[in-house]
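This report concerns only the one structure given below.
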Ligand SMILES: [Zn+2]
């Protein structure tokens, strides 16, 4: 996905489109990534609730909890977290490449950072993510 984004941006650029087009395409890609991360986080939350229910019901019925019953959910959560990390990196790379293509002339914002947990972008440094509370500095 990362490669395609860059190809798109560079493609727009080489077609002689203006910096605004590069910014717009980069912005839209960043939005897509954000939406994807939000979806993954919602899915993780649902899985965590599911695990909670399974664990409680099993404990309530048998007095014991077997990890086997929730193994699949745990693995799926771990896979989704991995994808979130990759997507966050892709978003960072996107911002970096945009800056690289557009140069660091007037009006270019300082380095954008992204919450490693939910992907929320921040143009100014913050200590904690306003969306999910993750420590950022
Ligand atoms: Zn966050």
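Residue numbers (the UniProt record's numbering): 1 to 137.
Every residue gets a Cβ at the ideal spot worked out from N, C-alpha and C, and that includes glycine.
Quiz item: Per DSSP, which one or two residues make a beta bridge with residue 122?
Solution: Locating residue 122 in the chain shown gives position 122, where the first residue counts as 1. DSSP, once it has assigned bridges, lists 113 as partnering residue 122.
Self-check item: Cβ neighbours of residue 1 in the same chain (closer than 7 Å, five flanking residues each side left out)
Solution: Within the chain shown, numbered from 1, the residue matching residue 1 stands at position 1. For residue 1, the predicted structure reports a pLDDT of 49, less than 50, and the residue's modelled location is therefore unreliable. A value from the coordinates is still provided. Closer than 7 Å at the Cβ level, and outside the excluded window around residue 1, lie 90.
Practice problem: Look at the alpha carbon of residue 126 and the alpha carbon of residue 112, and state the distance between them as a whole number of angstroms. | Solution: Residue 126 sits at position 126 when you count from the first residue of the chain shown. Residue 112 sits at position 112 when you count from the first residue of the chain shown. Near 11 Å, if we compare the C-alpha coordinates of residue 112 and residue 126.
Quiz item: Name the DSSP beta bridge partners of residue 135, please?
Solution: In the chain shown, counting from the first residue as 1, residue 135 sits at position 135. Paired residues: 128.
Quiz item: Does the Cβ of residue 76 lie closer than 7 Å to at least one heavy atom of ligand 1?
Solution: The sequence position of residue 76 within the chain shown is 76, counting from 1. No; taking the cut-off as 7 Å, the Cβ of residue 76 has no heavy atom of ligand 1 nearer than that.
Self-check item: Closest residue to residue 69 among 78, 79, 120 and 57 (Cα-Cα distance)
Solution: Position 69 of the chain shown, counting from 1, holds the residue named residue 69. Residue 57 is the option with its Cα nearest to residue 69.
Quiz item: Just the Cα atoms here: how many angstroms apart are residue 61 and residue 54?
Solution: Mapped onto the chain shown, residue 61 falls at position 61. Mapped onto the chain shown, residue 54 falls at position 54. About 11 Å.
Self-check item: Where residue 138 falls, given that 16 or more other Cβ within 10 Å makes a residue buried
Solution: The displayed coordinates of the chain run from 1 to 137. Any statement about residue 138 would go beyond what the structure contains.
Quiz item: Is the region 91-103 touching the region 63-81 in the sense that three or more CB pairs, one from each, lie closer than 8 Å?
Solution: no
Quiz item: Taking 7 Å as the line, does the beta carbon of residue 134 fall inside it for any heavy atom of ligand 1?
Solution: Here residue 134 corresponds to residue number 134 of the chain shown, with the count starting at 1. Residue 134 Cβ: within cutoff of ligand 1.
Quiz item: Is the beta carbon of residue 120 within less than 7 Å of some heavy atom of ligand 1?
Solution: Here the question's residue 120 lines up with position 120 in the chain shown. At least one heavy atom of ligand 1 is nearer than 7 Å to the Cβ of residue 120, so yes.
Quiz item: Do residue 127 and ligand 1 come close, with the Cβ less than 7 Å from some heavy atom?
Solution: Within the chain shown, the letter at position 127 stands for residue 127. Not under cutoff, so the answer is no.
Quiz prompt | Endpoints, the alpha helix (DSSP H) within which residue 20 is located | solution = Taking the chain shown and counting its residues from 1, the one referred to as residue 20 is at position 20. It spans 19-62 - the alpha helix (DSSP H) in which residue 20 sits, taken as one unbroken run.
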